[in-house]
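What follows is a short report on a single structure.
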Amino acid sequence: MMGQAMDPDWLAAMRRVRRAVVFTGAGVSAESGIATFRDALSGLWARYDPASMATAEAFAAEPDLVWGWYQWRLRQVAEAQPNPAHRAIAALATRVEQLTVVTQNVDDLHERAGSCEVIHLHGSLSATRCFDCARPHQLPNDVLAEVAEGQRVSPPQCGFCGGWIRPGVVWFGEMLPDGAFEQALDAAGKCDLLLAVGTSGQVYPAAHIPQHALASGAWLVHVNPDPIAPRAERERALQGPAGHWLPQLLELIGDVDD
Ligand code: BV8
Ligand code: ZN
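Its first residue numbered 383, the sequence shown is counted upward by one per residue in the working numbering.
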């Protein structure tokens, strides 16, 4: 299957890849049925802007609204399955010497597809903690009770200080988890190939990572249904869904004894 980007130099370079980074955004989970951040929120959420909902200010002002949104998303993720892109990314670990998966997503679909040590730059839906004293909080298993779209749900309260329990995600204006960005940047600076899968590249500092790989001499390959115009000699774009291209890339990358 020859894609528009698959010239002989590129194909030969893919065969020689030893260290790869896969950098993912919401698009890698789209074919699992998880709405991307750019998709207009559906139904009763439609009147809210995700970027304004994903803030500490919104949670402090309307904890029931924000907690309800995250519980609805947590249920979406629990009912979703990893898709062929997640599975191909997990399998890529067997084709190269060093694979680092860096995700902006807060779902656990990479892990459920078999990827290990995933770097979550923006936290995880399931890692809840106290908004006030920051103590970790374990959600009871039955918390995934039915949450209708747009439903307001009061967050649980911290058993220690009585504060509201918040999602374990990084909100806009918040720092990334200690060391996560530095670890991702280090891997990007040392890799031969960075695959940027399903990201609009509009959120910082995460969006610096693909450019850092390119500037450090790696190949940068975008996988996205939206057209992305490569600007550098070692930059390519495969236009189409992740679930289509990642299984193809799995066959082309690595696993050649020089
Ligand atoms: C920070 C968790 C230091 C929450 C997320 C003013 C004040 C303070 C900060 C800023 C400021 N101005 C700018 C900033 C920086 C800010 C920022 O970047 N803002 C943007 C809006 C400009 N960043 C931050 O605040 C970060 N922290 O800077 O700390 C600091 C601290 C204080 C003061 C100053 C500095 C923290 C950012 C983290 C925010 N949290 N997520 C939650 O999920 O609810 S970000 C959230 O949005 C997602 O995690 C994701 O990262 C991002 C959405 O991006 P994508 O993943 O790319 O998804 P998107 O929907 O955009 O695109 C999907 C793509 O998939 C599309 O291209 C589509 O074509 C494609 N696609 C669709 N289908 C498919 C597909 N691709 C493949 N296959 C398919 N089938
Ligand atoms: Zn507390």
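Ideal placement from N, C-alpha and C gives every residue a C-beta, glycine not left out.
With 16 or more other Cβ atoms from the protein chains shown falling within 10 Å of its own Cβ, glutamate 413 counts as buried.
Its chain contains Arg534 as the residues whose beta carbon lies nearer than 6 Å to that of leucine 447, once the 5 sequence neighbours on both sides are disregarded; these appear in chain order. For leucine 577, the enclosing beta strand (DSSP E) starts and ends at 575-579.
The region 481-493 and the region 464-473 touch, with no fewer than 3 CB-CB distances between them shorter than 8 Å.
In the DSSP assignment, valine 403 forms a beta bridge with Thr482, Leu576. Contact check for glycine 505 and proline 559: beta-carbon distance about 6 Å, within the 8 Å limit, so the pair qualifies.
For glutamate 461, the enclosing alpha helix (DSSP H) starts and ends at 445-461. Glutamine 593 and glutamine 486 have their C-alpha atoms roughly 15 Å apart. Here the distance from the Cβ of glycine 505 to the nearest heavy atom of ligand 1 is below 7 Å. With three or more CB-CB distances shorter than 8 Å, the region 552-571 counts as touching the region 591-609.
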